[in-house]
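Read in the UniProt record's numbering, the sequence shown has 272 at position 272, and its numbers run on one by one without any break.
Written below as structure tokens is the structure these notes are about.
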Amino acid sequence: MATVEEKTTTICCQKPAAIATSSNDPPSKTASTKELKDRKKTISSDIGITVMSRDQTCHPLDPLLAAEISVAVATVRAAGATPEVRDSMRFIEVDLVEPEKQVVALADAYFFPPFQPSLLPRTKGGPLIPSRLPPRKARLVVYNKKSNETSIWIVELTEVHATTRGGHHRGKVISSTVVPDVQPPMDAVEYAECEAVVKDFPPFREAMKKRGIEDMDLVMVDPWCAGYHSEADAPSRRLAKPLLFCRTESDCPMENGYARPVEGIHVLVDMQNMVVLEFEDRKLVPLPQADPLRNYTSGESRGGVDRSDVKPLQIIQPDGPSFRVNGHFVQWQKWNFRIGFTPREGMVIYSVAYVDGSRGRRPVAHRLSFVEMVVPYGDPNDPHYRKNAFDAGEDGLGKNAHSLKKGCDCLGYIKYFNAHFTNFYGGVETIENCVCMHEEDHGMLWKHQDWRTGLAEVRRSRRLTVSFVCTVANYEYGFYWHFYQDGKIEAEVKLTGILSLGALQQGETRKYGTTIAPGLYAPLHQHFFVARMDMAVDCKPGEAFNQVVEVNVKVEEPGENNVHHNAFYAEEKLLKSELEAMRDCDPLSARHWIVRNTRSVNRTGNLTGYKLVPGSNCLPLAGSEAKFLRRAAFLKHNLWVTSYACGEMHPGGEFPNQNPRAGEGLATWVKQNRPLEEADIVLWYVFGVTHIPRLEDWPVMPVEHIGFMLMPHGFFNSSPAIDVPPSPSDLDDRENSMPAKPSQNGLIAKL
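Encoded structure:
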């Protein structure tokens, strides 16, 4: 049986249907100023139907509009064979089918500002300008609650109509495929239903009564996906194994309920039929006493009084920001890119390029995103051994994103982007202010003072930050892409939230965790993230001229080349194939990797490139037979490199939930051992942190930072930040206190 990726490859990668072209059509006919404005608007008729009649209304990479999601859902539902099938449909994801890279180039060249015809190769007789772009498509993951089947649908959005009272649609089903032996991600609606089912289960109520709890409003049921530990977890059933907690005050909505874990109770829930399949009160573990330091709201911190010496800090930009935004297209300090959003990955950065003077727009990457994360726990005791969350593949980072209207950590002038996605029943929900973009002062950019003259030049660094934050049960994760004036791109994850605790009996300690409070311990665990980077260093869409070189610093052997025993050098090794490119970090050799363009050189005649510089990192602290590694074989190496193939998006396969197949995804794709010496390169960087909990991580963990850097390496002929102007305060100081040039005698005295 072909994999899902193989089945859908012909759909998402097929070339667009023949497009009418004419070498005589002027660009103004396809993209006049008026038409561009019209694309930003919708036309409301008297009957209440919103019509977007042009395929060019949205850029091919723009996230699906709410109207497009509604039409896609209605189209699939209408295609159901019977009313029973239609009523049983549950909508897990509705996402954009991303077009071929050549289609994106076509759109950027002639249909959307800033209009960049240089993106397309020159043709004899002038460019062929098409009259229209191919229609957008949506990809839907649909779960049938009646049959327990998962299917994938492709819908062409030829002409989109959105109505307040459904029924009208103009989508076209291109394909539908039932995917056997899988379970799609869980949904928040299922989690809420699961909690209600468990709390209403009489044996559970009796077990809680033994622990002194009769008020079910105090009980918290966190449904966790079952993972795959044995055939009992096979995807023939949709399963959850909840973790249980109990608050102490029902009238305190912000109480930290995770401070009282309920242990000794085993529950298995059938999420398809919402019934308890297994229940066992295995061991009566008393509930921990309420920890007086458990809460984190204002005024409830230790001592009960907040600090009084924090003065206001205001970021003021009287002339507005330095960035410009047109729809989802962003321009800032010679950088330009597009912002997207998916239910699974959350924020996506497309078409990253740097405008480099006479060399024009120079691409760096086609697509950047965080595609998966895994959190394995290191405690072999029940229930902690089965806590191995795939937060993207089992839940969805995008679907769990925050509306930053409810609290934003950004300062200054902020640009927000909304995100639309489907709920379990096919309705459209909007996360307002989901993605945040703003500028940050970042300290010193560069400086030098001439000690002879006393004259100095200094520049402050500024960076553009694009981010979103999500909550998955007890943990929060902030995902950031930072763009710098010196050509660097930084990927950062900020980890915070509440520890997942276990209960201790009196006098008990645990080898595999840290005692946080009386009766409470936090198991050791790791957090792993996977960044997928579809690189395009100096490559136009459709070009495949990149390669990857590994660099290790080595100490020169003693001898005539190293008579002083101080010599070391950087040794490069070309990674020629996918199996050769499974690599790990090595801080002892300052190991890093450079993506180079094989046909573009800098002023020294060397190939232009961007290097991946690791931050702190780790590998899984688990035996080779660990169950979670069956589904997360991609964690075995820090770097994987593949040749781009449509459909290869998820390193653990598209459906890691209860997946019984070992090594699906990245570990299987690289067995093709495709050549990489000149290819369309995709980097998969796996980075993680080993969390040994501290008392200072309680009750809410201070942010821990982890990430890596993409840094120009021979990409520019000199520092691209040398033209950053002095800040106004530096100019004022220079005018008011210009130092006198030291005399020769003074210079001699200083020497």
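Don't be surprised by glycine CBs; every beta carbon is placed ideally from N, CA and C.
_Classify Ser643: buried if its beta carbon has 16 or more other beta carbons within 10 angstroms, exposed otherwise._
buried
*From Met373 to Asn144, what distance separates their C-alpha atoms?*
26 Å
*Using three-state DSSP, classify His448 as helix, strand or coil.*
In the structure shown, His448 sits in a strand (DSSP, three-state: E or B).
_Residue range of the alpha helix (DSSP H) that includes Tyr191_ = Ala188 to Lys199
*Candidates Pro114, Pro121, Thr150 and Pro83: which alpha carbon is nearest Phe91's?*
Thr150
_Just to confirm my understanding: we take Asp441, look at its own chain, exclude 5 residues before and 5 after, and list those with CB closer than 7 Å. What are they?_
Arg460 and Arg462
*Val198: beta carbon under 8 Å from a heavy atom of the ligand ADP?*
Of ligands this structure carries none, so the ligand ADP is not represented either.
*Option nearest Val355 by Cα separation, candidates Tyr377, Val330 and Glu345*: Val330
*What is the DSSP secondary structure of Thr690, reduced to helix, strand or coil?*
strand
_Just list the residues that DSSP pairs Gly478 with in beta bridges._
Val469 and Lys494
_Relative to the C-alpha of Leu639, which candidate in Gly653, Leu243 and Ala531 has its C-alpha closest?_
Ala531
*Following the continuous alpha helix (DSSP H) through Glu84, name the residue where it begins and the one where it ends.*
Its alpha helix (DSSP H) spans residues Pro83 to Ser88.
*In the DSSP assignment, what are the bridge partners of Gly340?*
Val348
*Hey, out of Ser500, Pro702, Phe634 and Glu704, whose CA is closest to Lys671's CA?*
Phe634
*Less than 9 Å separating the beta-carbons of Cys225 and Asp395?*
yes
*Whole-angstrom C-beta distance between Ile516 and Trp698, which should lie under 8 Å*: 5 Å
*Closest Cα partner of Arg282 within the set Phe204, Ile315 and Ala259*: Checked all of Phe204, Ile315 and Ala259; the closest Cα to Arg282 is Phe204.
*asked:* For Ser236 and Pro288, I'd like the C-alpha separation in whole angstroms.
replied: 37 Å
*Do the region 586 to 598 and the region 546 to 555 touch if we need at least three Cβ pairs shorter than 8 Å?*
yes
*asked:* Any contact between the region 685 to 694 and the region 213 to 227? By contact I mean 3 or more CB pairs, one from each, below 8 Å.
replied: no
*First and last residue of the alpha helix (DSSP H) that includes Leu102?*
Per the sequence shown, the amino acid found at residue 102 is Gln instead of Leu. Lys101 to Leu106 is the extent of the alpha helix (DSSP H) around Gln102.
_Euclidean distance between Cα positions of Val364 and Ala109_ = 17 Å
_Own chain residues within Cβ distance below 6 Å of Ala392, not counting five before or after_ = Arg344, Glu372 and Met373
*Residue from Gly398, Val703, Tyr413 and Asn552 whose Cα sits closest to the Cα of Pro318*: Tyr413
*What is the residue span of the alpha helix (DSSP H) that Ile69 lies within?*
Taken as a continuous stretch (DSSP letters only), the alpha helix (DSSP H) holding Ile69 covers Ala66 to Ala78.
*asked:* Between Trp332, Asn433 and Leu239, which has its C-alpha nearest Asp270's C-alpha?
replied: Leu239
*Please name the residue or residues paired with Val330 in a DSSP beta bridge.*
Val325 and Phe337
*CB-CB under 7 Å to Arg294, same chain, minus the five flanking residues each way: which ones, in chain order?*
Asn256, Ala259 and Pro699
_Give me, in chain order, the residues of the same chain whose beta-carbon lies closer than 7 Å to that of Ser403; leave out the 5 immediate sequence neighbours on both sides._
Ile431, Glu432, Asn433 and Cys434
*Taking all protein chains shown into account, decide if Thr422 is buried (16 or more other Cβ within 10 angstroms of its Cβ) or exposed.*
buried
*asked:* Buried or exposed for Lys511, going by 16 or more other Cβ atoms inside 10 Å?
replied: exposed
*Since I believe Ser230 is in contact with Lys387 (beta carbons under 8 Å), could you give me their beta-carbon distance rounded to a whole number of angstroms?*
Rounded, the Cβ-Cβ distance is 16 Å, inconsistent with contact.
*Quick check: the region 650 to 659 against the region 516 to 527, are there 3 or more CB pairs under 8 Å?*
no
*From Arg122 to Gly360, what distance separates their C-alpha atoms?*
16 Å
*Is Tyr110 helix, strand or coil when you go by DSSP?*
Three-state result, Tyr110: helix.
*Straight-line CA distance for Val178 to Arg86?*
15 Å
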